[in-house]
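Notes follow the structure.
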Amino acid sequence: RFKNKKKPETFTDIITILTRLEIINDELGTQLTKMVRFRNLLGHFYLEIDNEIIYNILQNNLKDFISFKEAILRKFKEDLLGGLDNENST
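So this is what it looks like as structure tokens:
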């Protein structure tokens, strides 16, 4: 079904695959990759992170999560409706 049969090894790999498959656009892919990298920083340097930076990110970047959710839902709907159309045509 998918052309890319390679199993993703990282969250960044998942984003790259979703971008290649045009499930998410390049801009959203870039933003999500930045989020993954930031999450990795949090995991390693959590004692050194400025809480104000975290607060600012949470206040101003939640739209990227919403965009991601919408892109995934759109793909599921396309696949579901496409499957229903194929069943009805036979």
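Count along the sequence shown starting at 1, add 20, and that's the number in our numbering. Even glycine gets a Cβ: it sits at the ideal position worked out from N, Cα and C. Note that the coordinates shown come from a computational prediction; the quantities given were computed from them, not determined experimentally.
Compute the distance between the beta-carbons of SER87 and LEU38, then report whether it is under 8 Å.
-> no
Helix, strand or coil: how does DSSP classify ILE44 here?
-> Coil, per DSSP.
In the DSSP assignment, find the unbroken alpha helix (DSSP H) run with GLU29 in it and report its ends.
-> First-last for GLU29: undefined, no H or E at that position.
Since LEU78 is in the alpha helix (DSSP H), which residue starts that stretch and which ends it?
-> 71 to 80
Leaving aside the five residues before and after ILE69 along the sequence, list all residues of the same chain whose C-beta is less than 7 Å from its C-beta, in chain order.
-> Result list for ILE69: LEU62, in chain order.
Distance, ILE43 Cα to THR31 Cα = At residue 31 the sequence reads Phe, which differs from the Thr that was named. Between PHE31 and ILE43, the alpha-carbon positions lie close to 15 Å from each other.
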